[in-house]
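K.L.:
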Amino acid sequence: MRTANAPLQLLKQKRSSALIDAQRIEAKVARFGNSAETAGVRTDQLCVAGMFREYIAMLDEAIGPLS
Numbered sequence: 071m072r073t074a075n076a077p078l079q080l081l082k083q084k085r086s087s088a089l090i091d092a093q094r095i096e097a098k099v100a101r102f103g104n105s106a107e108t109a110g111v112r113t114d115q116l117c118v119a120g121m122f123r124e125y126i127a128m129l130d131e132a133i134g135p136l137s
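In the working numbering, the protein residues as written are 71 to 137.
1) When you compare only the Cα positions, how much space is there between residue 134 and residue 107?
2) Can you say whether residue 119 is buried or exposed, counting buried as having 16 or more other CB atoms within 10 angstroms of its CB?
3) State the DSSP-derived secondary structure class of residue 137, mapped to helix, strand or coil.
4) Could you check where the alpha helix (DSSP H) with residue 87 kicks off and where it finishes?
5) If distances are taken between C-alpha atoms only, which option among 111, 129, 131 comes closest to residue 96?
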């Protein structure tokens with residue numbers, strides 16, 4: 071049985087999951103250091119973390135009116 075709060079709960083779960091993933095990626099990037107060898111990987115990982123942050127912001131906008 072679905073409740074009226076099911077969509078809100080799903081959005082909050084997705085946000086929590088995305089936040090955990092973004093934090094893990096950012097922590098991994100912090101451990102890379104600033105060597106030239108890891109510059110490309112750092113850039114790619116920071117781009118992915120940025121996409122997660124944008125996704126989180128979008129979820130925040132969707133959650134706002136529902137809560």
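Yeah, the Cβ is synthetic: ideal placement off N, Cα and C, and Gly gets one too.
P.N.:
To lay it out plainly:
1) A direct Cα-to-Cα measurement between residue 134 and residue 107 gives close to 42 Å.
2) The residue is buried, with at least 16 neighbouring Cβ atoms inside 10 Å.
3) Coil, per DSSP.
4) Here the alpha helix (DSSP H) through residue 87 covers 76-102.
5) Closest option to residue 96, Cα to Cα, is 111.
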